[in-house]
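**Q** The following block contains the structure, expressed as structure tokens.
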Amino acid sequence: MNFTDPRDQVITEWLAANDITVANEGQSPTFQRRDQPSIVDLSLTNDMKPQITKWHVSDKESLSDHNYILFDIERNSRDVDRRLDVKGVIKSRLVTIITFYLI
């Protein structure tokens, strides 16, 4: 693989060593400044890569040099929705509960 910048090789090796893949698809620029479009924004993922679908750079105006990156995450039909009943929960404990459910 040819690298135009030595940092590219370091990043590529680190991603491979940590089993992280890039979800970007296509050649649409994620960053645009004047006449210098480039793909500088990366969507990094772990073993969820097969579940990421419809990854694309949006044509919608972002009011930024960076373009919107949109994608869907397909859920397995075996996934179970976890719902929280937070009525009456003390706010300080809510963070702990949410953290537990997200991990």
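In UniProt numbering, the protein residues as written are 1 to 103. C-beta atoms are modelled at their ideal positions from N, C-alpha and C, and glycine is treated no differently.
1. Can you say whether residue 67 is buried or exposed, counting buried as having 16 or more other CB atoms within 10 angstroms of its CB?
2. Counting C-beta neighbours from all protein chains within 10 Å, is the total for residue 10 16 or more, i.e. buried, or is it exposed?
3. Nearest CA to the CA of residue 25: which residue from 61, 60, 65 and 53?
4. What did DSSP end up calling residue 45 once you bin it into helix, strand or coil?
5. With DSSP collapsed to three states, give me the class of residue 32.
6. In the DSSP assignment, find the beta strand (DSSP E) that holds residue 69 and state where it starts and stops.
7. With DSSP as the reference, identify every bridge partner of residue 21, one or two as the case may be.
8. So, for residue 73: in the same chain, excluding its five sequence neighbours on each side, which residues have a beta-carbon less than 8 Å away from its beta-carbon?
9. Which value, in whole angstroms, describes the spacing of the CA atoms of residue 44 and residue 56?
**A** Taking the structure as given:
1. Buried is the label assigned to residue 67, since at least 16 other Cβ atoms lie within 10 Å of its Cβ.
2. Result: exposed.
3. Nearest of 61, 60, 65 and 53 to residue 25, Cα basis: 53.
4. In the structure shown, residue 45 sits in a strand (DSSP, three-state: E or B).
5. It is a strand residue.
6. Bounds of the beta strand (DSSP E) holding residue 69 are 69–73.
7. Residue 21 is bridged to 45.
8. The residues are 48, 51, 52 and 53.
9. Going from the Cα of residue 44 to the Cα of residue 56 covers about 14 Å.
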